[in-house]
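*Asks:* Right, I'll just put the structure down here and ask away after.
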Amino acid sequence: MGLMALNRLMSTQRKRKQRRNRCRIQALGNPRDIDGRGAASSLSKRDSPPYRHDVNSHCGKEARYLDPVLSEDVWCRIYSLLQMQDAARAACVSRSFLGYWRCYPNLTFTNGTMCPKENLKTAGSNVIRDYNNQIDRVLMNRSSADAVTKLKLDYHVPPDGAESYHRLDSWLQMAVTPRTKELELLVWSKEASFDFPCILLSDMCGGSIQKLLLFKCALRPTSQLGLRSLRTLHLRDVRVTGEELGCLLSSSIALEHLKLVYCDDIVRLEIPCLLQRLSFLEVAGCMNLQVIENKAPNLSKFYLGAGERMQVSFGESEVKKVELVQSRAISYATDNLPSRVPNLETLTICSTCEIVNSPMASGKFLHLKFLSILLMSGSNFDKDYDYLSLVPVFQASPSLEMFCLFVWEHSMYHWFEGDPASLRRLPQHCHGNLKSVKIIGFFPQKSMIELACHLLENATSLESLTVDASPANYRCSGKGRKCCPLKATAIVKSRFCLTGHTREVKQDI
């Protein structure tokens with residue numbers, strides 16, 4: 001798409017130049033009448049659009065093409081906006097573009113850009129060596145290493161293990177310069193055995209880095225770091241201790257976004273108060289992490305995955321958005337969040353396992369406005385879980401405006417088919433601010449019907465109620481917004497839910 005845009009720009013510039021020349025000739029009338037000696041030819045040559053000679057790298061023939069009147073800096077800027085594949089194709093057909101290619105600033109060496117027809121995760125040693133050799137040729141043929149501003153590098157280790165990390169280390173030393181703003185390194189190996197060269201994070205090179213993403217490597221930082229421009233730090237499956245990470249964070253005063261995933265060497269995480277701009281913290285899958293102590297004053301969003309045994313302290317920060325993904329997440333939220341996150345406004349819960357009855361909240365969610373709960377499969381939700389036990393959460397949230405409940409695929413056991421008079425009714429409690437309710441994955445289990453009826457009876461300001469019988473795990477999600485195919489059995493269950501088991505809900509509408 002980027003190459004097509006470049007061609008359209010050149011065509012537009014060419015047409016404008018031609019129209020301008022025709023207007024000049026028409027304004028002069030018949031050029032031969034001016035001096036009587038046929039000035040038309042000379043005028044046409046003088047005002048004609050400039051032609052440029054170039055050599056086609058495929059056939060070696062000299063070609064002429066119209067060159068729009070643009071400065072070298074503008075052309076270089078346009079070329080830098082192309083996708084890497086389009087930039088490489090343009091360099092194959094033009095010596096002029098070849099010069100720009102050798103200074104191309106955004107290098108992306110991944111399976112998709114270098115060898116899209118192969119799957120390097122399952123490929124043999126020869127295919128991986130060819131992939132690494134292509135990267136080596138591109139970097140070695142560059143005329144200016146300082147031009148690299150963005151580098152994304154997927155390094156694949158051959159299955160036979162014959163290739164060491166020496167070449168990877170030399171690539172990083174060559175490509176990461178004082179002009180580099182974004183660095184993403186993904187090392188695809190069985191173990192995180194590559195030691196990332198921390199000299200690249202020193203004042204000499206690291207002062208310009210704004211985004212750093214490391215995957216499957218070891219990070220051993222020292223006190224001589226210069227990450228004064230770093231805004232985003234993402235460490236995934238990285239071997240780094242809490243003390244070493246603290247050394248890195250203390251030199252990253254501009255940090256805004258911190259993400260730690262599967263960093264099992266961290267036992268205690270301390271966020272220093274120097275991080276005045278830090279607003280987002282994500283911690284997921286760090287199995288040995290026991291304590292998170294935050295002193296950053298402006299933290300507002302927090303994501304915690306698999307941290308049910310973790311002690312979290314937010315200090316003086318006013319966290320307003322929390323997402324929990326773990327077992328017994330509802331119990332964890334009601335026990336810990338009212339006192340630790342008093343200014344909470346948005347709460348998203350994804351629970352993989354839960355006790356039958358959700359406990360009473362330990363305090364009030366005075367500012368909570370948006371509550372989403374996802375109950376995943378692999379548990380006893382569809383069979384034994386008491387959905388009506390969620391009502392105390394509503395009672396502890398006087399400002400709640402929107403509630404969404406998502407339930408994964410369910411079985412047909414324990415569906416309610418009894419007398420509607422046997423449905424439980426809790427004492428009336430006005431949920432006066434609740435305006436929107438969504439239940440995705442609704443099925444006629446007794447306690448779910450009781451929950452829906454309770455909300456209809458007590459949400460006096462309710463404006464919208466959505467009851468969708470299709471399981472939540474078939475909903476569109478992710479960046480691709482692709483939906484999983486709905487099984488025939490799920491369609492039958494959904495139709496049965498809506499046609500035969502909504503009469504109790506309809507009676508309360």
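Residue numbers (UniProt numbering): 1 to 509.
The beta carbon of each residue, even a glycine, is placed where N, CA and C say it ideally should be.
1) How would you label K190, buried or exposed, when you count the other beta carbons within 10 angstroms and need 16 or more for buried?
2) Which of helix, strand or coil does DSSP assign to W408?
3) Which of the three DSSP states is assigned to C76 in this structure?
4) Consult DSSP for R19 and reduce its assignment to one of helix, strand or coil.
5) Under DSSP, the beta strand (DSSP E) around E182 begins and ends at which residues?
6) Identify the residues that DSSP records as bridge partners of K320: which are they?
7) Can you tell me which residues form a DSSP beta bridge with R268?
8) Between L183, G112, G307, which lies nearest to L230 when the distance is taken from Cα to Cα?
9) Count the other CB atoms, across all protein chains shown, that sit within 10 Å of the CB of T180; report buried if there are 16 or more and exposed otherwise.
10) Whole angstroms is fine: what's the gap from G29's alpha carbon to Q134's?
11) Pick from K117, G226, V393, L219: whose alpha carbon is nearest that of T334?
12) On the criterion of 16 or more Cβ atoms from any shown chain inside 10 Å, does Q224 qualify as buried, or is it exposed?
13) Using a threshold of 7 Å, state whether the C-beta atoms of S399 and H431 are closer than that.
14) Rounded to a whole number of angstroms, what is the C-alpha to C-alpha distance between E256 and T232?
15) Is it buried or exposed for L200, if we count other Cβ within 10 angstroms and need 16 for buried?
16) Would you verify that the beta carbon of L423 is, or is not, closer than 7 Å to some beta carbon of chain D?
17) Thinking G285 and Y262 are a contact (beta carbons under 8 Å), I'd like their distance in whole angstroms, please.
18) Whose C-beta lies closer than 7 Å to the C-beta of residue 512 among residues of the same chain, with five residues either side of it excluded?
19) Nearest by alpha-carbon distance to S300: which of V322, M310, E308, D203 is it?
20) Less than 7 Å between the C-beta atoms of F370 and T346, yes or no?
21) Starting from L456, follow the alpha helix (DSSP H) in both directions and report where the run begins and ends.
22) What do you reckon, are the CB atoms on W171 and L139 nearer than 7 Å?
23) Tell me whether the beta-carbon of E316 lies closer than 7 Å to the beta-carbon of P297.
24) Are P221 and C198 touching if we call contact CB-CB under 7 Å?
25) Could you compute how far the alpha carbon of A421 sits from the alpha carbon of V267?
26) Which of the three DSSP states, helix, strand or coil, is assigned to L274?
27) Taking only three categories from DSSP, how would you classify R129?
28) Measuring straight from C-alpha to C-alpha, what distance separates S57 and E72?
29) Count the other CB atoms within 10 Å of the CB of G242; is the residue buried (16 or more) or exposed (fewer)?
30) Using the rule of at least 16 other Cβ atoms within 10 Å of the residue's Cβ for burial, across every protein chain shown, is G307 buried or exposed?
31) What residues are listed by DSSP as bridge partners for S372?
32) How many angstroms separate the CA atom of L434 from the CA atom of C353?
33) Which of the three DSSP states is assigned to Q224 in this structure?
34) What separation, rounded to the nearest whole angstrom, lies between the Cα atoms of R102 and V127?
*Replies:* To lay it out plainly:
1) exposed
2) Coil at W408, not helix or strand.
3) helix
4) helix
5) For E182, the uninterrupted beta strand (DSSP E) segment begins and ends at 182-188.
6) None; K320 has no bridge partner.
7) The partner list for R268 (beta bridge, DSSP) reads V291.
8) L183
9) Counting of Cβ neighbours within 10 angstroms places T180 among the buried residues, the total reaching 16 or more.
10) Low per-residue confidence applies at G29: pLDDT is 44, beneath 50, and the placement is therefore not dependable, though the value from the model is reported in the following sentence. Cα to Cα, the separation comes out at about 59 Å.
11) Of all alpha-carbon atoms in K117, G226, V393, L219, the one lying nearest the alpha-carbon of T334 is that of V393.
12) exposed
13) no
14) Taking the CA atoms as reference points, E256 sits about 6 Å from T232.
15) Buried, since its Cβ has 16 or more Cβ neighbours within 10 Å.
16) Absent from the structure: chain D. Only one protein chain is present.
17) 4 Å
18) Absent from the model: residue 512. The displayed extent of the chain is 1 to 509, so no value can be given.
19) It is V322 whose Cα lies nearest to the Cα of S300.
20) Taking a C-beta distance under 7 Å as the contact criterion, F370 and T346 qualify as a contact pair.
21) 446-458
22) yes
23) Yes, they are a contact pair.
24) Yes, these two residues count as a Cβ contact at 7 Å.
25) 53 Å
26) Correct three-state label for L274: coil.
27) helix
28) Note on S57: pLDDT 46, under 50, position unreliable in the model; no value is reported.
29) buried
30) G307 should be labelled buried.
31) T348, C404
32) L434 and C353 have their C-alpha atoms roughly 27 Å apart.
33) coil
34) 25 Å
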